[in-house]
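Chemist:
Chains as they are written, first to last, in my numbering: chain R, 234 to 434; chain E, 234 to 434.
(1) Name, in chain order, the residues that DSSP records as bridge partners for residue 241 of chain R.
(2) What are the residues in the stretch 286 to 309 of chain E lying within 8 Å of chain R by C-beta distance?
(3) Tell me, to the nearest whole angstrom, how far the beta carbon of residue 244 of chain R is from that of residue 357 of chain R; I am working on the premise that it is less than 8 Å.
(4) Give me the Cα-Cα distance between residue 424 of chain E and residue 427 of chain R, rounded to the nearest whole angstrom.
(5) Would you mind telling me which residues of chain R sit closer than 8 Å to residue 281 of chain E, beta carbon to beta carbon, in chain order?
(6) Taking residue 379 of chain R as the reference, which of R/389, R/298 and R/364 has the closest Cα?
(7) Could you tell me which of R/374, R/387, R/252 and R/403 sits nearest to residue 304 of chain R, measuring between CA atoms?
(8) I want to see whether chain R comes within less than 8 Å of residue 420 of chain E, judged by CB atoms only; does it?
(9) By Cβ distance below 7 Å, which residues in the same chain neighbour residue 292 of chain E in space, the five residues on each side in sequence not counted?
(10) Return the residue from the list E/406, E/386, E/415 and E/317 that minimises the CA-CA distance to residue 333 of chain E.
(11) Apart from the five residues just before and just after residue 419 of chain R, which ones in its own chain have a Cβ nearer than 8 Å to its Cβ?
(12) At 4 residues or longer, what runs of the alpha helix (DSSP H) sit wholly inside the stretch 336 to 377 of chain E?
(13) By the three-class DSSP mapping on this structure, what secondary structure does residue 416 of chain E have?
(14) Could you tell me how far apart the beta carbons of residue 351 of chain R and residue 327 of chain R are, in whole angstroms, since I believe they sit closer than 8 Å?
(15) In chain order, what residues of the same chain have a beta carbon less than 8 Å from the beta carbon of residue 368 of chain R, not counting five sequence neighbours either side?
(16) Judging by CA-CA distance, which residue of E/271, E/274 and E/290 is the nearest neighbour of residue 279 of chain R?
(17) Taking only three categories from DSSP, how would you classify residue 246 of chain E?
(18) Beta carbon of residue 370 of chain E, beta carbon of residue 338 of chain E: below 8 Å?
(19) Out of E/261, E/331, E/235 and E/288, state which residue places its alpha-carbon closest to the alpha-carbon of residue 390 of chain E.
(20) Identify which residue in E/276, E/395, E/295 and E/318 has its Cα closest to the Cα of residue 403 of chain R.
(21) Specify, as a first and last residue, the run of the alpha helix (DSSP H) that residue 430 of chain R falls within.
(22) Under 9 Å Cβ-Cβ, which residues of chain E neighbour residue 270 of chain R?
(23) Would you kindly work out how many angstroms separate the C-alpha atoms of residue 313 of chain R and residue 301 of chain R, rounded to a whole number?
(24) Please report whether the beta-carbon of residue 424 of chain E lies at a distance below 8 Å from any beta-carbon of chain R.
(25) So with CB distances below 7 Å, who are the chain R contacts of residue 242 of chain E?
(26) Mapping the DSSP letters down to three states, classify residue 289 of chain R as helix, strand or coil.
(27) Using a Cβ-Cβ distance cut-off of 8 Å, determine whether residue 311 of chain E contacts chain R.
(28) So residue 240 of chain R and residue 269 of chain R are supposed to be a Cβ contact under 8 Å. How far apart are they, rounded?
(29) Round the Cβ separation of residue 398 of chain E and residue 276 of chain E to the nearest angstrom and send it over; I've been treating them as touching at under 8 Å.
(30) Could you check what DSSP says for residue 313 of chain E in three-state terms: helix, strand or coil?
(31) Go ahead and pull the three-state DSSP assignment for residue 321 of chain E.
(32) Using the beta-carbon count (16 or more within 10 Å), is residue 318 of chain R buried or exposed?
(33) Please report the residue range of the alpha helix (DSSP H) in which residue 388 of chain R lies.
(34) By Cβ distance below 8 Å, which residues in the same chain neighbour residue 307 of chain E in space, the five residues on each side in sequence not counted?
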C-alpha cells in the first residue's frame, strides 16, 4: 500500500502557498493521499536562527521578486500581501478542528485561507476573518470561533507543532515527507514527482 | 545581440558546483556566453547574517542529504568533502589571473577546482593544491603561485567581490544574472532556461 505524502506548511509562507498548488496534481498522479499539516514556522525558525525571507537585507528583495515570478511561471494567482508575515495560529487551530470532523472540508478551508491571504490580501491573523473563511467553506461560524479558543484544541495543536519541528525535524515550508523521504521547498516538488515515478534513485 | 549569462559562484558551494554543471548546456542552447565569476560567499553571508548551510541544526543535515540526492538526480559526480566549507581565495584569485590571459583556460581551471573538491576531496584552500590544479590545466605552476600573492591581483579581486556583493546584490551561490534578470540557486536554472526561451513572462 503506497504511503501518503505529508505536506507541512504555514499559512503565512508564500512558497508553501505555491507548493500547495504544485503538490496536488503530483499526489493525484501517483495515487497518494495528501495530508495537509499546518504548523508554526516561527517555532522552527527560532531553533534554526533563521528569519522570514523578507527580513534579510538582499535576499528579502530577491524573494519578493521570486515569489511573484515563480507564481506567474506556474500560473498561480499571487499578490504579495502588504503585511507580511502573519501569525496564523487561528487558521491552523481551526484547520485541526475541522479536520477531525471532515478532512475534505478542512482541505477546502486551507485552500480558502491561502487564497484569502495570497490572492486577496485579507488579514488571516484575525480570528474573525478566519471564522468568515470557515463559514464560506460550509463550517458553522459560531462553533468554529469557539473551537479555536478551546484549551484542548490549543494543547493538541501545540503538541502537533512540537512533533513536526522537534521529532520530524521540519525546519521550513513547504516540507514534504513521503515514506521517510524528505523534500523541502516548492522547488523540490519536481524531484518528489520523479522520486515516486522511479521509486527513488 | 543576446547578452551573456553572468554566473556568480564560490568554489566552496555545493549548489554552485551542481549549478555549474546545469548552466552550461542552457547557455549553449540559447547561444549565450557564460561568464564565470568567482566571489567570496562569506562576504555576502556576513551582511545577510546567514551561515554555511551545514551549520544550521536541522537544515544542515537536510542539506547534506540534498546535495547528494540532487547530484544523483542530475548524474553529477559528488562526494561531500569531509572538511567544509573552505576559504577559496587562492583559487578565485588564480581564476582571475588566468582569465586575463586565456578565458577558456580559466573555465577549464574552474571546472578542475570544483571537481578536485566535490568529486575528489582535495583541499582547495591550500595554495599548493590549487597551483597543482592550475598546472594540470596547462598553466605555468611557478607563475601561478607567484601571481596569486601579487598585491595587484588581490586588490582587483577584492574590488570584484565588493562589486558582486554590494553593487550586484549577489547574496548566495550559484547566482545567475542575464540581461538584468536575477536567478538564485541551482534549482532556478530551469526557470532561467524557460525565461530565455519565452523572452520572459
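Yeah, the Cβ is synthetic: ideal placement off N, Cα and C, and Gly gets one too.
Modeler: Straight from the coordinates:
(1) R/270 and R/408
(2) 289, 290, 291, 292, 294, 295, 298, 299, 302, 303, 305 and 306
(3) 6 Å
(4) 18 Å
(5) 289, 290, 291 and 292
(6) R/364
(7) R/252
(8) yes
(9) 286
(10) E/386
(11) 248, 249, 251, 252, 255, 303 and 407
(12) 336 to 351 and 360 to 369
(13) strand
(14) Not really, about 18 Å apart at Cβ, beyond 8 Å.
(15) 374 and 377
(16) E/290
(17) coil
(18) yes
(19) E/331
(20) E/295
(21) 422 to 431
(22) What residue 270 of chain R touches in chain E: nothing, since even the nearest Cβ is about 16 Å away.
(23) 7 Å
(24) yes
(25) Here the premise fails: no neighbours, minimum Cβ distance about 16 Å.
(26) coil
(27) no
(28) 5 Å
(29) 5 Å
(30) coil
(31) coil
(32) buried
(33) 384 to 395
(34) 251, 254 and 255
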